[in-house]
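Colleague: For what it's worth, the working numbering labels the leading residue of the sequence shown as 18, then goes sequentially.
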Amino acid sequence: MLKRLLRNKWSVVSTLRLPLLIVARYYKTFHQIRDLVAQLDSKQIDRTSFLKADASKRLITEPINYADIGARDGLLEFLEPFKEILKTIFFEPDIEEFTKMQEKYKNKKVQVINAAVSDSASTKSLFLTKKRGGSSLLHPSGNMIGLMAIGSEGTSRFSVEKIVDIATQRLDEVVNYEETKIELLKIDTQGSEYEILSALGDHRPFLICAECATTEIYKEQKTLFAVGSLLENLGYFPLHLMDGHLLSRTSSNWRNSTQLYGDVIFVPDNSANGKAIIERDVEKWFASLCMHGYMDFALWQIEELKIPKPPLVTQTEELLKNS
Numbered sequence: 018m019l020k021r022l023l024r025n026k027w028s029v030v031s032t033l034r035l036p037l038l039i040v041a042r043y044y045k046t047f048h049q050i051r052d053l054v055a056q057l058d059s060k061q062i063d064r065t066s067f068l069k070a071d072a073s074k075r076l077i078t079e080p081i082n083y084a085d086i087g088a089r090d091g092l093l094e095f096l097e098p099f100k101e102i103l104k105t106i107f108f109e110p111d112i113e114e115f116t117k118m119q120e121k122y123k124n125k126k127v128q129v130i131n132a133a134v135s136d137s138a139s140t141k142s143l144f145l146t147k148k149r150g151g152s153s154l155l156h157p158s159g160n161m162i163g164l165m166a167i168g169s170e171g172t173s174r175f176s177v178e179k180i181v182d183i184a185t186q187r188l189d190e191v192v193n194y195e196e197t198k199i200e201l202l203k204i205d206t207q208g209s210e211y212e213i214l215s216a217l218g219d220h221r222p223f224l225i226c227a228e229c230a231t232t233e234i235y236k237e238q239k240t241l242f243a244v245g246s247l248l249e250n251l252g253y254f255p256l257h258l259m260d261g262h263l264l265s266r267t268s269s270n271w272r273n274s275t276q277l278y279g280d281v282i283f284v285p286d287n288s289a290n291g292k293a294i295i296e297r298d299v300e301k302w303f304a305s306l307c308m309h310g311y312m313d314f315a316l317w318q319i320e321e322l323k324i325p326k327p328p329l330v331t332q333t334e335e336l337l338k339n340s
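1) In the DSSP assignment, find the alpha helix (DSSP H) that holds residue 192 and state where it starts and stops.
2) Going by beta carbon distance, what residues of the same chain come within less than 7 Å of residue 238, once the five residues before and after it are set aside?
3) Express the C-alpha separation of residue 120 and residue 289 in angstroms, rounding to a whole number.
4) Look at the alpha carbon of residue 142 and the alpha carbon of residue 320, and state the distance between them as a whole number of angstroms.
5) Considering only DSSP beta bridges, list what residue 222 is partnered with.
6) Note down, in chain order, each residue of its chain lying with its Cβ closer than 7 Å to the Cβ of residue 232, except the 5 sequence neighbours on either side.
7) Give a yes or no on whether the C-beta atoms belonging to residue 296 and residue 324 are separated by under 8 Å.
8) Measure the alpha-carbon distance for residue 153 versus residue 79 and round it to whole angstroms.
9) Can you say whether residue 133 is buried or exposed, counting buried as having 16 or more other CB atoms within 10 angstroms of its CB?
10) Could you pull the start and end residues of the alpha helix (DSSP H) that residue 295 belongs to?
11) Where in the segment 101 to 177 do unbroken runs of the alpha helix (DSSP H), each at least 4 residues long, occur, reported from the N-terminal end onward?
12) Between the alpha carbons of residue 264 and residue 279, how many angstroms are there, rounded?
13) Leaving out five residues on either side along the sequence, give the residues of the same chain with a beta carbon under 6 Å from the beta carbon of residue 165.
14) By DSSP, does residue 332 sit in helix, in strand, or in coil?
Below, the structure written as structure tokens:
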């Protein structure tokens with residue numbers, strides 16, 4: 018029944034939203050019903066709609082340069098529909114994970130680099146933890162690490178099992194700006210996001226997805242506030258902070274649990290610096306935001322900044338009107 022409803026158009030969503038919210042006021046199932054409303058809303062946004070525009074064919078011959086630092090398992094599932102318009106570079110410092118990725122992508126048009134990216138060319142310690150997803154160039158002993166024990170796994174997953182010395186490089190040295198301009202950037206390095214972003218050089222991605230923490234989980238880790246300040250000076254602002262609650266979504270109290278970390282989506286703001294980033298290639302900027310589900314914001318910003326609409330934008334709008 019729910020699946021059939023989710024396939025329908027706006028009229029069904031509009032009809033269901035009000036009764037669901039009214040019922041939610043009177044029953045303890047508020048969170049579950051609110052989740053259902055969120056599902057209905059999410060189905061309204063077709064992240065792939067711009068691919069139906071004729072102008073999108075340009076992105077096949079001139080793909081978006083995507084850098085994924087701390088790639089581990091490879092391309093994120095939600096980006097799979099866009100792999101033909103992405104020219105991907107994966108960075109993975111853990112040799113075991115790097116080897117797995119090399120095998121996975123050996124016949125694919127992607128580049129896998131065994132390198133640790135930081136703010137300088139040097140040698141640093143890589144702390145390999147019990148649960149490899151917690152491995153980092155920073156020691157997992159920040160002054161607020163104890164909060165991670167609130168979750169079901171506790172802090173044992175951060176136990177350091179091995180320390181290896183690894184060469185680090187600046188991002189603008191690994192990816193030369195004159196040869197390849199990074200246009201989409203994802204960073205998940207467990208604490209060293211600030212150092213990586215401070216070495217962007219001339220790179221100005223259209224969208225940056227960086228996992229940030231609100232407090233110090235890893236020793237001397239720069240928090241969301243420092244990362245945000247750094248990027249604000251470059252012309253970005255945090256459009257969306259994704260959930261990073263300590264409790265599982267299956268818990269009735271997960272929404273009220275502490276949110277210590279989460280993926281933060283940074284996009285160009287309306288400043289002169291932000292507008293310059295967008296105008297470098299409006300179509301690639303628009304596509305980058307669309308594939309992450311922010312088409313509505315992109316269309317608003319185009320109007321707000323009075324940016325001329327290129328074919329990809331006008332054709333996508335026309336497709337949406339006729340759908």
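Virtual Cβ for every residue (Gly too), placed ideally from N, Cα, C.
Modeller: Reading from the atomic positions:
1) For residue 192, there is no enclosing alpha helix (DSSP H), as DSSP marks it with neither H nor E.
2) Apart from sequence neighbours up to five positions away, the residues of its chain that approach residue 238 with a beta-carbon distance below 7 Å are 155, 159, 208, 230, ordered along the chain.
3) Between residue 289 and residue 120, the C-alpha separation is close to 44 Å.
4) One Cα belongs to residue 142, the other to residue 320, and the distance between them is close to 48 Å.
5) DSSP lists no partner for residue 222.
6) Counting only Cβ-Cβ distances below 7 Å, and skipping sequence neighbours, we find 161, 240, 277.
7) The Cβ atoms of residue 296 and residue 324 sit closer than 8 Å to each other.
8) Cα-Cα distance, rounded: 34 Å.
9) It counts as buried.
10) First-last of the alpha helix (DSSP H) with residue 295: 289 to 297.
11) Whole alpha helix (DSSP H) segments, 4+ residues: 112 to 121.
12) Model confidence at residue 264 stands at a pLDDT of 47, short of 50, so the residue's coordinates are unreliable; what they give is reported in the following sentence. One C-alpha to the other measures close to 13 Å.
13) So the qualifying residues of the chain are 172.
14) If DSSP states are grouped into helix, strand and coil, residue 332 belongs with the helices.
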